[in-house]
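Asks: Chains as they are written, first to last, in the UniProt record's numbering: chain X, 1 to 272; chain L, 1 to 272.
2 protein chains.
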Amino acid sequence: MLTSTAAQSALAADSAASPGPAVSSPPQQRSRRATPRAAGRTGTRSAARCSSCAMRQLCMPQGLAPDELSKLETLICSARSVHRGDTLYRSGDSFDNIYAVRSGSMKTVMAHRDGREQVTGLRLAGEALGLDGISDDRHACSALALEDSTVCIVPYTALKSLCREIGSMQERLHKLLGEQIVREAAQMMVLGSLSADERVAAFLLDVSERNAQRGYSWAEFNLRMTREDMGSYLGMTLETVSRTLSRFQKRGLIDTQGKHIRIVDLDGLRQV
Amino acid sequence: MLTSTAAQSALAADSAASPGPAVSSPPQQRSRRATPRAAGRTGTRSAARCSSCAMRQLCMPQGLAPDELSKLETLICSARSVHRGDTLYRSGDSFDNIYAVRSGSMKTVMAHRDGREQVTGLRLAGEALGLDGISDDRHACSALALEDSTVCIVPYTALKSLCREIGSMQERLHKLLGEQIVREAAQMMVLGSLSADERVAAFLLDVSERNAQRGYSWAEFNLRMTREDMGSYLGMTLETVSRTLSRFQKRGLIDTQGKHIRIVDLDGLRQV
DNA sequence: CGTATGTTTGAACTCCCTCAACTAGTGTGG
DNA sequence: CCACACTAGTTGAGGGAGTTCAAACATACG
């Protein structure tokens, strides 16, 4: 149920361009340090345009006509890589860009004044990021890479102009904003009303569905978050997350080893 | 800390037009049934334009030049009254309008499939409502009046056009959407990381601040929500809300009788 | 003015947290 | 290459914050 309407942002309008029926889990970097590490801790910028093949399956272009898409591409498309654990932006940073996760995954966290942190979001490839900065020109959250990732950079000011020119572009941005509003409201409901078991189940189903809608397997995936991240996102301790997953495994609902999760009994998971 | 940036939406650009230093609590309808009840359970539509005096202190016009404001006014301004307990829209209703609470207050609720409901938002006069419908042309939440209230109706399609004509209008809508995203993220943090005491304190401070920014007293207000609504919004039971308020009163932080709340020790409340 | 709805408070219970110990990976440096 | 440290995950035992159940009280709505 959780955010069932939200994940469509990851799908291309042109379904034929989807990444195909990848039955197994997404292409994980088995050897995590395989890619030569670029200089600098903050990741690198690439002047190269996002190739249209990459763009089509990302969140922004959905519903755009080809000529509009090309306008978007001239606008957007510098990319940036962010290494695992590094921040894409920090709470308080000036807001200049919206991002789309091109590969990898990220989390957003919000800090209380006393230092406590709460994970407020998980972004998989194809999902939008950075919308928390619109309201007052500073980011309200920080965004960290859960694994080595790349993002497309969309300059907000230019995007705004484009939205005034192209109706479908405006429509797309509004949907993106609206989706995040609904997703967050659904998460408030998870945090406010569900038991620990229900929260974990809802989370797994949410990730599963988002994976499926990006053309990957709904049944099997690697969650790059730690138990602590999951706990923070779900409003519980890492121990309770771990115990819950173990119990789900004993009940035959899932099969986990570490970060790799396989959903065995989808309906069972839905029923709590 | 909670959503400190959000409430500015209620302020008019022209500060001289603010409702003035109302030291006491907002003008509540003491005799609640004083206004003759119009026919029909769903409230009435009024063809009358929102007078500019009313509009200026509402959320939409902030940051608009006079001529742009008048364009907005020709667009918007049918109003509707919603009686206490009645719904302005329901989850699943087709999304046609955005609303601005003109008087009174409303709550938004989201339902789980099994029937459990979660209060996902509280809207005071001057705040925007209905943004949960943008993402898929159906409302994801329901909106109910906490007291007899009136709202301005802003047709979304027309608003979109206007946003393409007028940059400041686009800006305003984006801010509105961005503010809700940040507000909800902050509430996720409340639900996920704070203790019961902290949640109640954060809530009172949030309402206090929003009241203040609308020109009313930060120290004293009527919360039209029930303890159950508060509990739902804060992820706890009505009994715990009640106990917490009682304890705050014993500690000299607040003074409550029923729905009327007076903040005695603002700093104390901030320190938990 | 009476009844339904909302609020307060108490007492027992329980779900989840806290603290702790142990295991298994992963990266580092000798 | 192994030993080491370090981070991440699992599992257990005990305790506590908040829930549940219940009953009395207050408020306000029709």
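Where a beta carbon is used, it is the ideal one built from N, C-alpha and C, also for glycine. In this text the structure is predicted, and so the values were computed from the model without any measurement.
#1: Which one of L:256, L:181, L:79, L:196 has the shortest CA to CA distance from residue 135 (chain X)?
#2: Just to confirm, is the Cβ distance from residue 150 (chain L) to residue 79 (chain L) under 8 Å?
#3: Going along chain X, which residues have a C-beta under 9 Å from residue 132 (chain L)?
#4: Over the uninterrupted alpha helix (DSSP H) stretch that includes residue 217 (chain X), give me the two end residues.
#5: Please compile the residues from chain L whose C-beta is within a distance smaller than 7 Å of the C-beta of residue 140 (chain X).
#6: Quick check on this structure: which residue in X:221, X:262, X:243 has the alpha carbon closest to the alpha carbon of residue 124 (chain X)?
#7: Report yes or no: is there a C-beta of chain X within less than 8 Å of the C-beta of residue 175 (chain L)?
#8: Counting only runs of 3+ residues fully inside the UniProt domain "HTH crp-type" (194-267) of chain X, write out the beta strand (DSSP E) ranges in chain order.
#9: Alpha carbon to alpha carbon, how far is residue 108 (chain L) from residue 117 (chain L)? Give it in angstroms, no decimals.
#10: Based on the DSSP secondary-structure assignment, which residues constitute the bridge partners of residue 122 (chain L)?
#11: Could you pull the DSSP bridge partners for residue 153 (chain L) from this structure?
#12: Would residue 168 (chain X) pass as an interface residue toward chain L - the criterion being a Cβ-Cβ separation below 8 Å?
#13: By the three-class DSSP mapping on this structure, what secondary structure does residue 138 (chain X) have?
#14: Quick check on residue 274 (chain X): does DSSP put it in helix, strand or coil?
#15: Who are the neighbours of residue 160 (chain X) on chain L, taking C-beta pairs under 7 Å?
#16: Rounded to whole angstroms, what is the Cα-Cα separation between residue 256 (chain X) and residue 206 (chain X)?
#17: Pick from X:212, X:187, X:242: whose alpha carbon is nearest that of residue 225 (chain X)?
#18: For a test of the three-state rule: what should DSSP assign to residue 127 (chain L), helix, strand or coil?
#19: Just verifying my parser: in three-state terms, what is the DSSP assignment at residue 91 (chain L)?
#20: Identify each residue in the UniProt domain "HTH crp-type" (194-267) of chain L for which the Cβ-Cβ distance to at least one residue of chain X is less than 7 Å, and report them in chain order.
#21: Any idea if residue 175 (chain L) is buried or exposed, counting beta-carbon neighbours within 10 angstroms, 16 or more meaning buried?
#22: Using the Cα positions of residue 88 (chain L) and residue 82 (chain L), report the straight-line distance between them to the nearest angstrom.
#23: DSSP on residue 271 (chain L), reduced to helix/strand/coil?
#24: Measure the beta-carbon distance from residue 254 (chain L) to residue 223 (chain L) and round it to whole angstroms, keeping in mind my assumption that it falls under 8 Å.
#25: By a C-beta neighbour count over all protein chains shown, 10 Å radius and 16 as the cutoff for buried, is residue 94 (chain L) buried or exposed?
#26: For residue 117 (chain X), which residues does DSSP report across the bridge?
#27: To which residues of the same chain is residue 142 (chain X) closer than 6 Å at the C-beta, ignoring the five residues directly before and after it?
#28: Taking Cβ-Cβ distances shorter than 8 Å, what residues in chain L pair up with residue 110 (chain X)?
#29: For residue 248 (chain L), which of L:148, L:233, L:228, L:199 has the nearest alpha-carbon?
#30: By DSSP, does residue 84 (chain X) sit in helix, in strand, or in coil?
#31: Measure the alpha-carbon distance for residue 131 (chain X) versus residue 201 (chain X) and round it to whole angstroms.
#32: For residue 166 (chain L), which of X:160, X:272, X:189, X:185 has the nearest alpha-carbon?
#33: Rounding to the nearest angstrom, what Cα-Cα distance links residue 268 (chain L) and residue 252 (chain X) in this structure?
#34: Look up residue 181 (chain L) in the DSSP assignment and say whether it is helix, strand or coil.
#35: Given residue 164 (chain L), which residues of its chain have a CB within under 8 Å of its CB, disregarding the five upstream and five downstream residues?
Replies: With the structure as the only source:
#1: L:181
#2: yes
#3: 178, 181, 182, 185
#4: Careful: residue 217 (chain X) lies outside any alpha helix (DSSP H) and carries neither H nor E.
#5: What residue 140 (chain X) touches in chain L: 182, 185.
#6: For the residues X:221, X:262, X:243, the minimum Cα distance to residue 124 (chain X) belongs to X:221.
#7: Residue 175 (chain L) counts as touching chain X.
#8: Fully enclosed beta strand (DSSP E) runs of no fewer than 3 residues occupy 220-222, 254-257, 260-263 of the UniProt domain "HTH crp-type" (194-267) of chain X, in order along the chain.
#9: 10 Å
#10: L:107
#11: L:78, L:99
#12: no
#13: strand
#14: Because residue 274 (chain X) is not part of the residues shown, which for chain X are 1 to 272, the question remains open.
#15: 170
#16: 17 Å
#17: The alpha carbon of residue 225 (chain X) has as its nearest neighbour, out of X:212, X:187, X:242, the alpha carbon of X:242.
#18: coil
#19: coil
#20: 232, 235
#21: buried
#22: 7 Å
#23: coil
#24: Not really, about 11 Å apart at Cβ, beyond 8 Å.
#25: Burial call: exposed.
#26: X:111
#27: 87, 90, 91, 109
#28: 185, 186, 188, 189
#29: L:199
#30: coil
#31: 27 Å
#32: X:160
#33: 50 Å
#34: helix
#35: Leaving aside the five residues that flank residue 164 (chain L) on each side, the residues in its chain whose CB is nearer than 8 Å to its CB run, in chain order, 170.
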